[in-house]
Each structure stands twice: as structure tokens, then as C-alpha cells.
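As they're listed, the protein sequences go chains A and B.
Everything in the first sequence is counted per my numbering, starting at 1 for the first residue and increasing by one.
Everything in the second sequence is counted per my numbering, starting at 1001 for the first residue and increasing by one.
Where a beta carbon is used, it is the ideal one built from N, C-alpha and C, also for glycine.
Note that the structure is predicted; figures quoted are calculated from it, not measured.
Number of protein chains: 2
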Amino acid sequence: MASEGREKPEVGHDQAPAVSTKVDSIIKVLRVLAFLLTLDATLVMALNKQTKTFTVATIGTVPLRATLSAKFQHTPAFVFFVVANANAALHNLLMLAVAFAGSKLSLKGFAPLVVPVLDLVNVAIVSGGASAAVFMGQLGRNGNSHARWNKICDKFESYCNRGGAAMISSLVGVLLMIIICAVSIVRIRNHYAGYNKLPLNSSVLP
Amino acid sequence: MASEGREKPEVGHDQAPAVSTKVDSIIKVLRVLAFLLTLDATLVMALNKQTKTFTVATIGTVPLRATLSAKFQHTPAFVFFVVANANAALHNLLMLAVAFAGSKLSLKGFAPLVVPVLDLVNVAIVSGGASAAVFMGQLGRNGNSHARWNKICDKFESYCNRGGAAMISSLVGVLLMIIICAVSIVRIRNHYAGYNKLPLNSSVLP
């Protein structure tokens, strides 16, 4: 197959189509993992709710109780976290669809550029969501004595633990998306440079 | 020049060197702006401090006063904001140095790949820092009644305003860095594809 390509350079790759297919597969696996992690982060955070009954006072021997709920909707950073991760999960699903349908669709060189740029935008959004949630979670866990904001994780422990799990999912998801985007950038160059046997020194300096 | 290049394709660009130089200049200008914005965000946040004296009680006619300071170091999200923006400012400065020294250094095709990947990582970090700071600032401004965290911006208004200005600088900086990285990605493809007159349909699908 490789020698066939060498005779007809218009058809496609002439170098290492096996390597290209292998990288393709690795990217698809990473993409599936990133999709699952961001979906997991979305669902765990969106379904995170803890209701607890506290004894606020005792009148004689009758305890006076109050029921409080901790929900993700109460914290704007967690709402952004859910939106950002849901968006990233949808993005990863769509990009998987593009990758699998790619050979059938005539994309005319549009996808190799649009996919990493969309990845980049999604990395920025999910990174923002995860980071905001992490610092809000840290505030919930430790409080801030300077601002007189008391910790709440001593009262809503399982709420905080589930939130923390969602944040870890999201952070690993961001890391995978950064790797996917970086590999995409390297592949664009390697594909065109390798295909045409360009010397490696180049004047493309962004 | 353009026709000369056509005869000797090994030398360099054969297509639109003027366009390439123009895009180069635009990227450099955007890079300088991104550097200034992230530097501004770093300095404004790092120097942000407000000291205020409150009357906490009155004994007879003698007021009892307490002096409180609001500093960025008191909030972990703001510390991360300063580190992230300082890092991005340094990155942009180094990338400017690479861009200006690029023609003299023999970078052997390394820079065109490393620069957008480093840009990507920095976009993720600054986006995280800016987003965490924005949500912490929103908490300071509005408080959170569910967690019983009171707003503090009514007491430290100029501290909050300066912090907000730093956040706007940082957010515009991230936006510019996303544009720079996206343009870099498109340029890698256009450079190699244009140089070798490749047909636009390709099978590089990340």
C-alpha cells in the first residue's frame, strides 16, 4: 500500500499510513475517555444534593429542628461547572462523530482546522469551570477567616465529597482534551510536511 | 520574488510571502497586547490592598475602632490568578522573543509546533485563574445566602473594583491568546498546504 502511494502522490499519504491510523485510534480512545469524564463530571455535579436536619435549639426536652439542603444550584461556580462540562461532553461526542464519519464526508480540509480550534475553545471553557469549582470547593472545605466565610463541608460532607469527585473527573477530562488538541496540532504539520517531504526547517513562527 | 520561489521550491514560500508577513505582524501585535494585558492583570491584582477602619462599638462617647485589610493573599483563587497571569505574561514575552529571533535561530521546525502547544497550555491556565477569580469576586460582591457567606464588597469597594479591573484585563488577555493560538493552528496548515499546492481535501481528522 505504501509503495502504491509513492507512485500516485495525489491519492493520499505516502508515508506511514499505519502510524497515522494508529494515532487516529489513540485520539479516538482519548476522545471517548474525555467524553465519559466530562459527562461524569456533569451528571455527578448536577445530581449533587444533600439534605440534612439540624437541631437548632432545645425547648425543655423537645428539640427544635431545621432541615437544610445543599444543592449545586446555590453556587454560581458550580452552575458554570455543569454548563461547561455538559458543553465539553457534547463537543467530544460531535468530534467523535466527525472522526468516524470523516472518511465518508467530503470535508475538504475544513475539519482538520476547525476541530483543534474548537478543542482549544472547549479547553478554555472547561478549564475555567473546573478551576472556579475547585476554588469554591476549597472555600467550602476550609472557609476563609479573613472574609468571615465559614466552612460548610463539616456539615455537608457527602455533598462536598461528591462535588470533589466531579471536579477530579473534569480536571482529568481537561488534561485529556489538552493532549488531544496538542496531538492534533502536531499531526497537521506532520501530515503536510511528511506527505510532501519538506525539510524540517521552516519559517512559520507564530 | 513569487516567481523566483516557484523555480526553487526548496528555498522557502512560493505563495504570498506578503500575506504571511502581514499575518506575522498581526500575531506580534496581538502577542504584545496579550503580554500587556496579562502583566497588567498580575500587577493590579498583586498590588491590590485596602485598609479600612471600622467602628465596632461605642463605649460611652468613645468609639472603639478596628482596622481591617483586604489583600489578594487572603483568597487562594486570587493567588492562583496572580501566578497564572504572571506565567502567561512571561510566556508571551518569551514567544515574542522567539518570533523576533526566529529568522536568526535555526529552529528546524520545532517552534511552529511548540509555540501553539505552549499557547494552548497557557490558555488553559489563565482561563482557570481568571474564571476562579471572577466567581470568587462575584461571591465577594453578592455573598451567598445559602452558605451564609456575606458580601464584603460593600466594605472594601475600591479593593473589589481594582480586582474586577484585573479580571477584565485577564479575560481579554485569554481571548487574545485563544485568537493567537487559533491563527497559529490555521497557519501551520496553510503554510505547508499552500507551499506544496496540496488539494484542500485531506484525511487528517483528529
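Simplified DSSP state of residue i, which is helix, strand or coil
i	result
residue 1096 (chain B)	helix
residue 1175 (chain B)	helix
residue 252 (chain A)	Residue 252 (chain A) lies beyond the range of chain A shown here (1 to 206); nothing can be said about it.
residue 188 (chain A)	helix
Exposure of residue i, with buried meaning 16 or more beta-carbon neighbours within 10 Å
i	result
residue 233 (chain A)	Since the first and last residues shown for chain A are 1 and 206, residue 233 (chain A) lies out of range.
residue 1063 (chain B)	exposed
residue 123 (chain A)	buried
residue 1106 (chain B)	Because the pLDDT at residue 1106 (chain B) is just 44, under 50, the model does not fix this residue reliably, and the value given afterwards should be weighed accordingly. Per the 10 Å Cβ criterion, exposed.
residue 101 (chain A)	exposed
residue 1190 (chain B)	buried
residue 184 (chain A)	buried
Under 7 Å by beta carbon: chain C residues contacting residue i
i	result
residue 46 (chain A)	Looking for chain C here will not work: the only protein chains present are A and B.
For residue i, the first and last residue of its enclosing beta strand (DSSP E)
i	result
residue 1148 (chain B)	First-last for residue 1148 (chain B): undefined, no H or E at that position.
residue 1054 (chain B)	1049-1059
For residue j and residue i, the rounded distance between their alpha carbons
i	j	result
residue 166 (chain A)	residue 57 (chain A)	35 Å
residue 1161 (chain B)	residue 1116 (chain B)	33 Å
residue 119 (chain A)	residue 1081 (chain B)	23 Å
residue 1053 (chain B)	residue 1065 (chain B)	6 Å
residue 1032 (chain B)	residue 156 (chain A)	47 Å
residue 93 (chain A)	residue 36 (chain A)	9 Å
residue 135 (chain A)	residue 1069 (chain B)	21 Å
residue 138 (chain A)	residue 1129 (chain B)	14 Å
residue 1154 (chain B)	residue 1171 (chain B)	24 Å
residue 147 (chain A)	residue 177 (chain A)	36 Å
residue 96 (chain A)	residue 1186 (chain B)	21 Å
residue 1151 (chain B)	residue 1158 (chain B)	14 Å
residue 1175 (chain B)	residue 1074 (chain B)	27 Å
residue 144 (chain A)	residue 1149 (chain B)	10 Å
residue 1055 (chain B)	residue 1140 (chain B)	21 Å
residue 21 (chain A)	residue 28 (chain A)	10 Å
residue 46 (chain A)	residue 1023 (chain B)	43 Å
residue 114 (chain A)	residue 1091 (chain B)	25 Å
residue 51 (chain A)	residue 142 (chain A)	21 Å
residue 1112 (chain B)	residue 1181 (chain B)	11 Å
residue 26 (chain A)	residue 67 (chain A)	49 Å
residue 1079 (chain B)	residue 79 (chain A)	23 Å
Rounded Cβ spacing between residue i and residue j (contact assumed at less than 8 Å)
i	j	result
residue 72 (chain A)	residue 87 (chain A)	At roughly 16 Å, the Cβ-Cβ gap does not stay under 8 Å, so residue 72 (chain A) and residue 87 (chain A) are not in contact.
residue 126 (chain A)	residue 85 (chain A)	6 Å
residue 30 (chain A)	residue 179 (chain A)	6 Å
residue 1038 (chain B)	residue 1099 (chain B)	Not confirmed; about 17 Å, so no contact.
residue 1041 (chain B)	residue 1173 (chain B)	6 Å
residue 132 (chain A)	residue 77 (chain A)	4 Å
residue 1044 (chain B)	residue 1169 (chain B)	7 Å
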